[in-house]
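Student:
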Amino acid sequence: NAGSVTGISSFSNIENLVGSSGTDNFVFADGSSISGSVDGGAGTDAVNQAAQTGIVNITLGGSGYSNIEDFTGNGTNSTLIGDNIVNTWSINGLDTGTVGPVSFTNFSNLQGGSNNDSFVINSGSLSGQINGGAGNDLIQANNIANTWNITGADVGDVTGVGSFAGIETLVGNASTDLFIFADGSSFSGIMDGAGGTDTVDYSSQTGAVIAALASGQYQNIESFVGNNVDSTLVGDNVVNDWFITAANAGTVNGINFSGFNNVTGNASVDTFTIATGSITGTINGGTGNDTLQADNTNNIWNVLSPDAGNLTNVNDFQNIDNLLGGNAVDTFNIAANVSGNIDSGGGDDIININGPLTVGGSVSGNSGADILNGPTQNSNWVISGADSGSVNGIAFTQTETLVGNTGNDIFTITNNAVANISGSINGGAGDDDLQVDYIAASTRTIVFDGGTGTDSITLTGSGTGLTNSYIFGPANDQVAITTASSTNTQLVNGTGIENISDTLSADNISLTGSSGDDAMVLSPGSIAGAQPVSFQMSGMPSLQFSNKSNLALDAGLGNDTVQINGAVQLAGNITIAAETISEGAGGVLVADTLTFNQATTIGTSGLALATSVNTLQINGPTVDAYINEANGLAIAVDNVTGVLDISTGSGDITSAGSVIVTGTSAFSVGNGGSIMLDDASNQFAGTPAFSSTGIINNVWLTDNSTVDLPTLTLNGNLTVISTGTVAQAGALTIQGTTNINAGANNITLNNAANDFIGDVTLQN
Numbered sequence: 001n002a003g004s005v006t007g008i009s010s011f012s013n014i015e016n017l018v019g020s021s022g023t024d025n026f027v028f029a030d031g032s033s034i035s036g037s038v039d040g041g042a043g044t045d046a047v048n049q050a051a052q053t054g055i056v057n058i059t060l061g062g063s064g065y066s067n068i069e070d071f072t073g074n075g076t077n078s079t080l081i082g083d084n085i086v087n088t089w090s091i092n093g094l095d096t097g098t099v100g101p102v103s104f105t106n107f108s109n110l111q112g113g114s115n116n117d118s119f120v121i122n123s124g125s126l127s128g129q130i131n132g133g134a135g136n137d138l139i140q141a142n143n144i145a146n147t148w149n150i151t152g153a154d155v156g157d158v159t160g161v162g163s164f165a166g167i168e169t170l171v172g173n174a175s176t177d178l179f180i181f182a183d184g185s186s187f188s189g190i191m192d193g194a195g196g197t198d199t200v201d202y203s204s205q206t207g208a209v210i211a212a213l214a215s216g217q218y219q220n221i222e223s224f225v226g227n228n229v230d231s232t233l234v235g236d237n238v239v240n241d242w243f244i245t246a247a248n249a250g251t252v253n254g255i256n257f258s259g260f261n262n263v264t265g266n267a268s269v270d271t272f273t274i275a276t277g278s279i280t281g282t283i284n285g286g287t288g289n290d291t292l293q294a295d296n297t298n299n300i301w302n303v304l305s306p307d308a309g310n311l312t313n314v315n316d317f318q319n320i321d322n323l324l325g326g327n328a329v330d331t332f333n334i335a336a337n338v339s340g341n342i343d344s345g346g347g348d349d350i351i352n353i354n355g356p357l358t359v360g361g362s363v364s365g366n367s368g369a370d371i372l373n374g375p376t377q378n379s380n381w382v383i384s385g386a387d388s389g390s391v392n393g394i395a396f397t398q399t400e401t402l403v404g405n406t407g408n409d410i411f412t413i414t415n416n417a418v419a420n421i422s423g424s425i426n427g428g429a430g431d432d433d434l435q436v437d438y439i440a441a442s443t444r445t446i447v448f449d450g451g452t453g454t455d456s457i458t459l460t461g462s463g464t465g466l467t468n469s470y471i472f473g474p475a476n477d478q479v480a481i482t483t484a485s486s487t488n489t490q491l492v493n494g495t496g497i498e499n500i501s502d503t504l505s506a507d508n509i510s511l512t513g514s515s516g517d518d519a520m521v522l523s524p525g526s527i528a529g530a531q532p533v534s535f536q537m538s539g540m541p542s543l544q545f546s547n548k549s550n551l552a553l554d555a556g557l558g559n560d561t562v563q564i565n566g567a568v569q570l571a572g573n574i575t576i577a578a579e580t581i582s583e584g585a586g587g588v589l590v591a592d593t594l595t596f597n598q599a600t601t602i603g604t605s606g607l608a609l610a611t612s613v614n615t616l617q618i619n620g621p622t623v624d625a626y627i628n629e630a631n632g633l634a635i636a637v638d639n640v641t642g643v644l645d646i647s648t649g650s651g652d653i654t655s656a657g658s659v660i661v662t663g664t665s666a667f668s669v670g671n672g673g674s675i676m677l678d679d680a681s682n683q684f685a686g687t688p689a690f691s692s693t694g695i696i697n698n699v700w701l702t703d704n705s706t707v708d709l710p711t712l713t714l715n716g717n718l719t720v721i722s723t724g725t726v727a728q729a730g731a732l733t734i735q736g737t738t739n740i741n742a743g744a745n746n747i748t749l750n751n752a753a754n755d756f757i758g759d760v761t762l763q764n
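Under full-length UniProt numbering, think of the first position of the sequence shown as 1, with each following residue one higher.
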């Protein structure tokens, strides 16, 4: 409380000093002090503590100093404390600057008041500490490349400032700002990089690091660096596009990051793209509809719990709704629910459904030749579009191959005209069934391998003018089924097939055997539909069919047999081409027209083939044919070289065409039946034998060769037309008229027992 003032050589015991209206300079000697107050009054006034060697603390706005425009500290241990108002501090030189209207020099430490303080480094520096005090305080760095070092809890230093504390906001400038966190340090306020390319660096931290972009703590930061061990970068609450371009490194919405082994989305839509990079920790989508896209390399995906799992170059993912493969081969092992879509991307991909689960969206193979493998449980597959459908309620698209598993799989191809799988369907293990519902608009090729187990094909549907054609072989379990109309064709190629059920409504069905020696059996069928028929072929799938009008059976090459067991009935025609046709237990063929082509043996002398048809045609070189028709029969026979033996139970034997026999022939009718072989092209090597279970009514024989009539007793008429001589081998008893025309050849009827009751007309 002692000193001097202009005009007064000394004063003492003075507690308060008041300046004049002019310029007042209050200069403190080392160790001096004023216990009261210093009031500069008007003018530009200064307090100078430069000579002090001890601690200098000056508080603005307090009772100690008023109306002072300039303060000078001692440069080493001086603290200027701001008023309890909103203060803006500007540091313009070394420990020099302004705070509001007050200038200061040689203050190594600055401390804010209880209100908000902003400390701006303007081409200056501070050798000591900036302490924000109470309030919401800010440091803005110089317009140079700055390094901010966070060394503890909300403390640190920055280029040009020895240290800071009590600061809530750190603001960079137009140049590059680097915020570096020492191990164990933290900052609870805001870091604003302002202009330039700015980085927050947590690489020295050994504990857990969480950088949340949505927290508002980070503003204008272009790059983040984690510790690569336990660091998590959390995205903002906006649509985020994450690109993982290196190990634990990449970008999110243009912000670079590295050393973050965990990345987490937020409440909006997050898309994580692996672009030649990797994540050693976890990708967590957060809430929102999030997508993980794999790299363009061969990838293996494992979904182990709902929306969670791992894949190549990603140690773990959580809360990911949509999975998107790359352009190479992606293998998806799906063992838990996926709430969104699975898109395998480009390449030839494999999708394995490993268990009962749901996919909220769909499974898409995208481009390439893709395979969908079903679960081990019994599964229902529905193919409703082009390479699309569902399995156990899981929708799939753009999938070229379907594979069942160890359960029983049902593959249903609907009657949608475009419903098909362009690759193949494989049932795998278990008892599997391919169900095809055909409509006339369908043109498609379906490839089905039943795999192991007892596998089947089921055909349904209808159309106009349809023909179903079956080709069996070459392997034992193979069959090719063609459904054709005048404009469209459906082909089903089956392998590993044990049973076929065909209720498709069609005009015709065609069965073709293999090139080997086939043993075939036709018998009544047990499936639904009109006139079901069962077809068995040695080593080949068992076929049951119904709703067909006409049957054509071609046994193919080899020495083949066809056995008829039970009543085999069709409303239209039956055509059989095989070496041997025989009757089994209760066998009978029921049709309108029955045709045999290239047969060696039809029936036997001891067991004639039973028929119930209107017309019989035998074509090609046939050795022996024994036919037992239940009713009347119209016949056409081409080249029987052995025995032709035809009998009817009731009705007549008539001509449906020429009868050519180079062996022997015999015709037998029931009581009152007639035998009318009147085709002009008939030719018998020997005169046929005519018989009846009772009495024959009429006989008409046209023969382009010599006729030697056997013993005949007719209740009606006898007509013989021959291009050779006509003679008799037995007596003729004719109740009706007799007409014999031998052309220019002799007619010899000289048996003494002949008895012609009616008129006799002879022409030669």
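Virtual Cβ for every residue (Gly too), placed ideally from N, Cα, C.
1) May I ask you to verify whether the region 548-559 touches the region 489-501, counting CB pairs closer than 8 Å and requiring at least 3?
2) Of the residues Val38, Thr76 and Thr44, which one's Cα is nearest the Cα of alanine 59?
3) Is the CB-CB distance between serine 456 and serine 501 below 8 Å?
4) Less than 8 Å separating the beta-carbons of threonine 733 and glycine 758?
5) Work out the CA separation of valine 171 and alanine 246 for me, nearest whole Å.
6) Please specify which runs of the beta strand (DSSP E), each continuous and at least 3 residues long, are wholly inside the region 273-338, giving them in chain order.
7) Compare the C-alpha of isoleucine 14 against each of Gly3, Val640 and Gly40 and name the closest.
8) Helix, strand or coil for leucine 213 per DSSP?
9) What residue from Asn354, Val418 and Gly586 has the CA that sits closest to proline 375's CA?
10) If we count Cβ pairs, one from each stretch, closer than 8 Å, do we get three or more for the region 90-100 versus the region 126-134?
11) Is threonine 445 close to chain D? Criterion is C-beta to C-beta, closer than 8 Å.
12) Going by the beta-carbon positions, is the gap between alanine 530 and serine 546 smaller than 8 Å?
13) For residue 783, name the three-state secondary structure that DSSP assigns.
14) Is it the case that the Cβ atoms of asparagine 698 and leucine 712 are separated by a distance below 8 Å?
15) Throw me the rounded Cβ distance for the glycine 288 and aspartate 316 pair, which I believe falls under 8 Å.
16) Can you list, in chain order, the residues of its chain with a C-beta nearer than 7 Å to that of asparagine 488? Leave out the 5 residues immediately preceding and following it.
17) Between which two residues does the beta strand (DSSP E) holding alanine 395 run?
18) Run through DSSP, which three-state label would glycine 355 get?
19) Answer with buried or exposed for serine 258, where buried requires no fewer than 16 other C-beta atoms within 10 angstroms of its C-beta.
20) Is the beta carbon of isoleucine 342 closer than 8 Å to that of serine 364?
21) What residues are listed by DSSP as bridge partners for methionine 520?
22) When the distance is taken between beta carbons, is threonine 312 closer than 8 Å to asparagine 322?
23) So, for serine 367: in the same chain, excluding its five sequence neighbours on each side, which residues have a beta-carbon less than 6 Å away from its beta-carbon?
24) If the criterion is Cβ atoms closer than 8 Å, does the pair leucine 80 and phenylalanine 104 meet it?
25) With a 10 Å radius around its C-beta and 16 neighbouring C-beta atoms as the bar for buried, classify alanine 194 as buried or exposed.
26) Skipping 5 residues on each side, what residues in its chain have a beta carbon closer than 6 Å to that of alanine 395?
27) In terms of residues, what are the limits of the beta strand (DSSP E) holding asparagine 508?
28) Which one or two residues does DSSP pair with glutamate 583 in a beta bridge?
29) Given that a residue counts as buried once 16 or more other Cβ atoms are within 10 Å of its Cβ, and exposed if not, what is isoleucine 221?
30) Taking one C-beta from the region 610-630 and one from the region 582-602 each time, how about it: are there three or more such pairs within less than 8 Å?
31) By Cβ distance, which residues of its chain are closer than 8 Å to threonine 399, with the 5 residues on each side in sequence left out?
32) Which residues share a DSSP beta bridge with valine 479?
33) Go through its chain and collect everything with a Cβ distance to isoleucine 709's Cβ below 6 Å, but skip five positions before and after it.
34) Three Cβ pairs or more, each shorter than 8 Å: is that satisfied between the region 447-456 and the region 502-510?
35) When you compare the region 423-433 with the region 463-470, are there three or more beta-carbon pairs, one atom per stretch, that lie closer than 8 Å?
36) Would you kindly report the start and end of the unbroken beta strand (DSSP E) that includes glycine 525?
Tutor: Once the coordinates are examined:
1) no
2) The question names alanine, but residue 59 is threonine in the sequence shown. When only C-alpha atoms are compared, the closest one is Val38.
3) yes
4) no
5) 30 Å
6) 279-284, 291-293, 299-305, 308-311, 314-318, 322-324 and 330-334
7) Gly3
8) helix
9) Asn354
10) yes
11) Judged by its chain identifiers, the structure shown contains no chain D, having just a single protein chain.
12) yes
13) Residue numbering for the chain in the displayed model covers 1 to 764; residue 783 lies beyond these limits and cannot be assessed.
14) no
15) Going by Cβ atoms, the distance from glycine 288 to aspartate 316 rounds to 19 Å, so no, they are not a contact pair.
16) Ala440, Ala441, Ser442 and Thr443
17) 394-397
18) coil
19) buried
20) yes
21) Met537 and Val562
22) no
23) Gly346
24) yes
25) buried
26) Ser362
27) 506-512
28) Ile564
29) buried
30) yes
31) Ile351, Val363, Ser364, Gly365, Asp370, Ile371, Leu372, Asp387, Ser388 and Ile421
32) Phe472 and Gly494
33) As written in the sequence, residue 709 is leucine, which differs from the isoleucine given in the question. Gln728.
34) no
35) no
36) Counting along the chain, glycine 525 falls outside any beta strand (DSSP E), and DSSP gives it neither H nor E.
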